[in-house]
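So the sequence shown is numbered by our numbering: it starts at 3 and just counts up by one. Below: one structure, written as structure tokens.
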Amino acid sequence: MSEESAELRKQVEAFRQVQIMAMRDKLSAEAKEINGIKVIRFEGTLAPDQIKTLAFQLRNIHSEKLFFVAGCVADGKPSITVLLSDDLVEQGLNAVGIAREAAKEIQGGGGGQPFFASAGGKNSDGIKKAIDKALEAINQ
């Protein structure tokens, strides 16, 4: 029975990876350019580890001028994820500050590194506003 469970877990994980790759390709194709920056936004129901995988796959494809923001609700908990390319960090953008500011819209907080940060909160109704708040960083 445990061998069967392990095999099923492997199959589910493989399926998730295929889903994330398909999502990566779709989001890349739908990216918008704002002020010379490739902006990719996502709103959905992925778990935090899946969002992180997606974010870093996007970063591998778009190594310059990338601003990725995702707002997700998983298990009833909202989260915001921000990933920036290194050149945007060098220009003064900071994913931690952006994520923390956006997290106010979901009644939460977070942290991370200058190029990658995430935040969790309590108010899943604020996800769209949180994404919009994060995107304001591009216009400053």
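We treat Cβ as the ideally placed atom computed from N, Cα and C, and that holds for glycine.
On a CA-only basis, which of the options is nearest residue i? Give me that one, please.
i: glutamine 21; options: Glu5, Gln59, Ser81; result: Gln59
i: alanine 49; options: Ala24, Arg61, Asp77; result: Asp77
i: glycine 144; options: Val75, Ala33, Lys34; result: Given that the chain is displayed from residue 3 to residue 142, the structure contains no residue 144 and the question cannot be resolved.
Give me, in chain order, the residues of the same chain whose beta-carbon lies closer than 7 Å to that of residue i; leave out the 5 immediate sequence neighbours on both sides.
i: alanine 105; result: Ile82, Gly111, Gly112, Ala121, Gly123, Ala132
i: isoleucine 140; result: Ile36, Asn37, Ile39, Val41, Phe69
i: asparagine 125; result: Pro80, Ile108, Gln109
i: phenylalanine 117; result: Leu85, Leu86, Asp88, Val91, Ala97
i: glutamate 103; result: Lys135
How many angstroms separate the CA atom of residue i from the CA atom of residue j?
i: isoleucine 53; j: alanine 72; result: 8 Å
i: lysine 67; j: alanine 97; result: 14 Å
i: serine 4; j: aspartate 51; result: 24 Å
i: alanine 31; j: histidine 64; result: 12 Å
i: arginine 26; j: lysine 34; result: 14 Å
i: glutamate 9; j: glutamate 15; result: 10 Å
i: glutamine 19; j: glutamine 142; result: 35 Å
i: lysine 12; j: alanine 119; result: 28 Å
i: leucine 137; j: glutamate 6; result: 45 Å
i: alanine 57; j: phenylalanine 17; result: 18 Å
Determine the extent of the beta strand (DSSP E) in which residue i is found, giving its start and end residues.
i: lysine 40; result: 39 to 46
i: phenylalanine 118; result: 118 to 122
i: lysine 34; result: 34 to 36
Considering residue i, what are the terminal residues of the alpha helix (DSSP H) in which it resides?
i: glycine 99; result: 97 to 105
i: isoleucine 108; result: Note, isoleucine 108: premise wrong, no alpha helix (DSSP H); not H, not E.
i: isoleucine 82; result: That residue, isoleucine 82, is in no alpha helix (DSSP H); its beta strand (DSSP E) goes 79 to 86.
Between residue i and the ligand FAD, is the CB less than 8 Å from at least one heavy atom?
i: glycine 128; result: As for the ligand FAD, it is missing from this structure, which has no ligand bound.
Comparing the C-beta of residue i with each C-beta of chain B, is any distance below 9 Å?
i: serine 120; result: Here there is only one protein chain, and chain B is not present.
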